[in-house]
Amino acid sequence: MSPRSLPYPVFDIDNHMYETTDALTKFLPKEHKGKVGYVDLNGRKRLMVKNKISHMIPNPTFEKVARPGSAEDYFLGNNPEGLTFREFVGEPMDVIPAFQYPAPRIELMDELGIDRCVMYPTLASLIEERTTDDVVLTHAIMHALNQWMYEHWSFDYEGRIFATPVITLPIVEEAIKEFHWCLERGMKTFLVRPAPVPSRFGGSRSMGLPEFDPFWQEVVNAGIPVTMHASDSGYQKHLAEWEGGDEYLSFKPSALREVVMGHRAIEDTLAALICHGALTRFPDLKVICVENGSSWVRNLLSQLETAYRIMPKEFDEHPVEVFKRNIYIHPFLEDDVPGLIEIMGADHVLFGSDYPHPEGIGDPLSFVDRLEGVSEEDKAKIMGGNAMGLLGIQVPA
Numbered sequence: 005m006s007p008r009s010l011p012y013p014v015f016d017i018d019n020h021m022y023e024t025t026d027a028l029t030k031f032l033p034k035e036h037k038g039k040v041g042y043v044d045l046n047g048r049k050r051l052m053v054k055n056k057i058s059h060m061i062p063n064p065t066f067e068k069v070a071r072p073g074s075a076e077d078y079f080l081g082n083n084p085e086g087l088t089f090r091e092f093v094g095e096p097m098d099v100i101p102a103f104q105y106p107a108p109r110i111e112l113m114d115e116l117g118i119d120r121c122v123m124y125p126t127l128a129s130l131i132e133e134r135t136t137d138d139v140v141l142t143h144a145i146m147h148a149l150n151q152w153m154y155e156h157w158s159f160d161y162e163g164r165i166f167a168t169p170v171i172t173l174p175i176v177e178e179a180i181k182e183f184h185w186c187l188e189r190g191m192k193t194f195l196v197r198p199a200p201v202p203s204r205f206g207g208s209r210s211m212g213l214p215e216f217d218p219f220w221q222e223v224v225n226a227g228i229p230v231t232m233h234a235s236d237s238g239y240q241k242h243l244a245e246w247e248g249g250d251e252y253l254s255f256k257p258s259a260l261r262e263v264v265m266g267h268r269a270i271e272d273t274l275a276a277l278i279c280h281g282a283l284t285r286f287p288d289l290k291v292i293c294v295e296n297g298s299s300w301v302r303n304l305l306s307q308l309e310t311a312y313r314i315m316p317k318e319f320d321e322h323p324v325e326v327f328k329r330n331i332y333i334h335p336f337l338e339d340d341v342p343g344l345i346e347i348m349g350a351d352h353v354l355f356g357s358d359y360p361h362p363e364g365i366g367d368p369l370s371f372v373d374r375l376e377g378v379s380e381e382d383k384a385k386i387m388g389g390n391a392m393g394l395l396g397i398q399v400p401a
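Per our numbering, the sequence shown runs over residues 5 to 401.
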């Protein structure tokens, strides 16, 4: 039984699966075979993309995984002994079926008190950045992953687990094709990486430019939200200018990384969507920001306010109003949640646990404790009602 239950539906906007080892390869077209897969390195399996080994995810086979919420106190700042992230995480556990298959996950959700959740892949976060020089391959791998996800999890499992396909944007026509493929199979939302969009001809550009309007129009027509989950957005290059290194390593945070990289990727992506006019051209486009926290929101709104004050003719409407209309925020456990509610309104705040990742919440429902002083009506919205509304989920009578 759950250590507690809540008097309203609980919808966790940030859950994760650990993919099985065939997730990226089972449906990969033969012309791309061998461009992504696993290799043995000193007795351990590593993921290789385009003949380059990635160390971003230490155990990409997920035979052993970190315990859910094991680093919770690290991010809450409860670290008087100055332990490292790895010391907080401690010894790994054997992966359990509930982390990899939907039926046992439902049982675990019942134990945790979670009624419904959005389920994100884990490996997907590293693929796009490692294929920026071959976007045809990016599209192929992501479609293969989506095919696996649909077969393994479905995009709507018993009305309770909503796995999210990944749609990569470099070739707009392919993105639209992928969007409809997923839509026809029941997806409720989908992932877009918060990052500049690579071009097949080199370089990159903003997803807020009119080039991408045909894609955003299809999303608005379908009436579903886009989700932007923290990922490897390529911002390691900014840290590398100061500290060296050539790859983002998720389990090796540093003090300077927290400052230099921070939440720049999601800030820059949303700023681009607003400043380049996409969210004004598509006022009904709903953007869910997941696992990016909320500590950056106030600063970004201040910067948008300044930009509008200095050059108002660059905008067709006030950018701060656009942000508050189109954007929905999932705050971290350690964030100032009441402060975020004051800025955005309770209707634009979402609960998410990042379960079962170590940096997430071990007891997901404990998030409600961060809502002290919030009305019961608003708690119900944040803990589930808002997410169900965004994804069009109806609660059975």
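All C-beta atoms in this analysis are idealised placements derived from N, C-alpha and C, irrespective of residue type, glycine included.
Check: Would you report the Cα separation of H421 and P198, rounded to the nearest angstrom?; Outcome: Since the first and last residues shown for the chain are 5 and 401, residue 421 lies out of range.
Check: Taking only three categories from DSSP, how would you classify T142?; Outcome: helix
Check: Provide the residue(s) that pair with P202 in DSSP beta bridges, ordered along the chain.; Outcome: S208
Check: Return helix, strand or coil for D98, following the three-state DSSP convention.; Outcome: strand
Check: Tell me, to the nearest whole angstrom, how far the beta carbon of S208 is from that of L130; I am working on the premise that it is less than 8 angstroms.; Outcome: Actually they do not touch by this definition, with Cβ atoms about 17 angstroms apart.
Check: For T273 and D358, what's the separation of their Cα atoms in angstroms?; Outcome: 21 angstroms
Check: Considering only DSSP beta bridges, list what C293 is partnered with.; Outcome: M232 and I333
Check: Just checking my contact of L112 with V372 at CB under 8 angstroms: how many whole Å lie between their CB atoms?; Outcome: With a Cβ gap of about 19 angstroms, L112 and V372 do not count as contacting.
Check: In chain order, which beta strand (DSSP E) runs of at least 3 residues are fully inside the region 8-58?; Outcome: 15-20, 40-45, 48-53 and 56-58
Check: G389: buried (16+ other C-beta within 10 angstroms of its C-beta) or exposed?; Outcome: buried
Check: Using C-beta distances below 6 angstroms, list every residue in its chain close to E222, excluding the 5 sequence neighbours before and after it, in chain order.; Outcome: I180 and F183
Check: Where G44 and E376 are concerned, what is the direct C-alpha to C-alpha distance, given to the nearest angstrom?; Outcome: Contrary to the premise, residue 44 reads as Asp rather than Gly in this sequence. About 49 angstroms.
Check: Should M21 and K68 be called a contact, given that it needs their Cβ atoms to be closer than 8 angstroms?; Outcome: no
Check: Taking 8 angstroms as the cut-off, does the region 153-167 touch the region 34-52 (at least 3 CB pairs, one atom from each stretch)?; Outcome: no
Check: Measure how close the beta-carbons of M211 and V201 come, nearest whole angstrom, since I'm counting them as under 8 angstroms.; Outcome: 5 angstroms
Check: Do you know how far the Cα of P368 is from the Cα of F355?; Outcome: 9 angstroms
Check: Alpha carbon to alpha carbon, what distance is there between D114 and S6?; Outcome: The pLDDT assigned to S6 is 45, lower than 50, so where the model puts this residue is not dependable, and the model offers no usable value.
Check: Let me check understanding here. Comparing Cα to Cα, which of A259, I386 and M392 lies closest to T88?; Outcome: A259
Check: CB-CB under 6 angstroms to D119, same chain, minus the five flanking residues each way: which ones, in chain order?; Outcome: P13 and V14
Check: S306: buried (16+ other C-beta within 10 angstroms of its C-beta) or exposed?; Outcome: exposed
Check: Please state if the CB of I17 and the CB of V341 are separated by a distance shorter than 8 angstroms.; Outcome: no
Check: Per DSSP, C121 forms a beta bridge with which residues?; Outcome: D16 and I165
Check: Roughly how many angstroms separate the alpha carbons of P64 and P84, rounded to a whole number?; Outcome: 31 angstroms
Check: Measure the alpha-carbon distance for G396 versus K192 and round it to whole angstroms.; Outcome: 8 angstroms
Check: Locate the alpha helix (DSSP H) running through H184, then write down its first and last residues.; Outcome: V176 to L187
Check: Between the region 239-250 and the region 277-286, can you find at least three pairs of beta-carbon atoms closer than 8 angstroms?; Outcome: no
Check: Just to confirm, are T135 and V53 a CB contact at a threshold of 8 angstroms?; Outcome: yes
Check: Would DSSP call V170 helix, strand or coil?; Outcome: strand
Check: Does the beta carbon of L283 fall short of 7 angstroms from some heavy atom of the ligand GDP?; Outcome: Among the components of this structure there are no ligands whatsoever, and the ligand GDP is therefore not found.
Check: Distance, Cα to Cα, R268 vs D236?; Outcome: 12 angstroms
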